[in-house]
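Position 177, counted from 1, in the sequence shown is what UniProt numbering calls 177; the numbers after and before it change by one each time, with no gaps. Report on the structure given below.
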Amino acid sequence: VEAKHGGFSIELIHRDSQLSPFYNHSATPGELARNDALRSTARVNQFRSPSSSIDENKVVESVTIPSGDGAGYYMKLSIGSPPVEVLAIADTGSDLVWVQCQPCDQCYPQDGMLFDPVKSSTYKELSCDSDSCQALKRYKCGNTTNECEYYYSYGDQSYTKGVLATDTFTFNSTEGEVAAIQNSIFGCGYNNHGTFYR
């Protein structure tokens, strides 16, 4: 894919690629194809599950199934100043970009370090009064500094809770250039549970 009109493109990493931390060196091509088919079937079955099993008060309007077992593609980006590289699920079905942050009350296991906002000179929490916060379906105001606390849950009961913030996102483009986007809005998740990186 080629970017046009001042845009940029980045490389997507398939979960079964040798570049993926989930790559199974001993898997045969047949096993990889079978596992991919099983992940796809599981994802379809999650959409078919009875709606009565989902608490509608806990599901955001743009429901997406977290891509753990079903994740097809990942992308590398860096957050903060200085930049810290993270491996993110390329999820086009959700309107919230979020990462696990330190200190974490409850986090799922992941390769690599958690993002530490204290170490970024460009990190800034958004207030409850901000337009970005008020655009969220579920948020509440923090007790001490009026920060915007978000809560997103997904169709398989996975969830993330944290603080809405801004920071610089840096991407290495496929053209070899670096693209830095300042004041990118994202969720800094301190309480996360689910099948995100299995």
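We put the beta carbon where it would ideally sit given N, CA and C, even for glycine. This structure is a prediction, so every number in the text was calculated from the model and none was measured.
Sequence-distant residues of its chain with Cβ nearer than 8 Å to residue i (five each side left out)
i: F115; result: I79, G80, V84, V86, V99, Q100, C101, Q102, C188
i: D129; result: N146
i: A27; result: D16, N35
i: L77; result: I10, E85, V86, A88, F169, T170, F171
i: L38; result: none
C-beta contact flag for residue i and residue j at 8 Å
i: T166; j: A180; result: no
i: M75; j: L12; result: yes
i: S132; j: L164; result: yes
i: T174; j: I10; result: yes
Per-residue DSSP class, three states only, for residue i
i: N35; result: helix
i: residue 202; result: Since the first residue shown for the chain is 1 and the last is 198, residue 202 is missing from the structure and cannot be characterised.
i: T41; result: helix
i: V59; result: Any reading at V59 must be qualified, since the residue scores a pLDDT of 35, below 50, and its modelled position is unreliable; the value itself is stated next. If DSSP states are grouped into helix, strand and coil, V59 belongs with coil.
i: G189; result: strand
i: G176; result: coil
i: G162; result: strand
i: S52; result: Because the pLDDT of S52 is 34, which lies under 50, any placement of that residue in the model is unreliable, and the question is left without a value.
Reference residue i; option with closest CA among the options
i: Q182; options: R15, N172, T168, G194; result: T168
i: G7; options: N172, H193, G194; result: N172
i: E125; options: G142, A135, P109, L136; result: G142
i: S184; options: Y123, S153, H193; result: Y123
i: Q157; options: C148, G194, F186; result: G194
i: S94; options: G155, A37, H25; result: G155
Same chain, Cβ closer than 6 Å to residue i, neighbours up to 5 away in sequence not counted
i: Y151; result: R138, K161
i: D105; result: Y190, N191
i: E177; result: none
i: S121; result: S81
i: L136; result: Y150
i: C107; result: Q100, N192
i: C148; result: L126, C128, C133, Y139, L164
Close beta carbons around residue i, own chain, < 7 Å, minus the five adjacent residues each side
i: Y23; result: D16, S17
i: A90; result: L12, Y73, Y74, M75
i: L32; result: D16
i: H14; result: S20, G72, Y73
Near the ligand PLP: residue i beta-carbon under 7 Å from a heavy atom
i: E125; result: Of the ligands one can find in the structure shown there are none, so the ligand PLP has no counterpart to examine.
- Go through the region 102–149 residue by residue and report every complete run of the alpha helix (DSSP H) that reaches 4 residues or more, in order. 131–134
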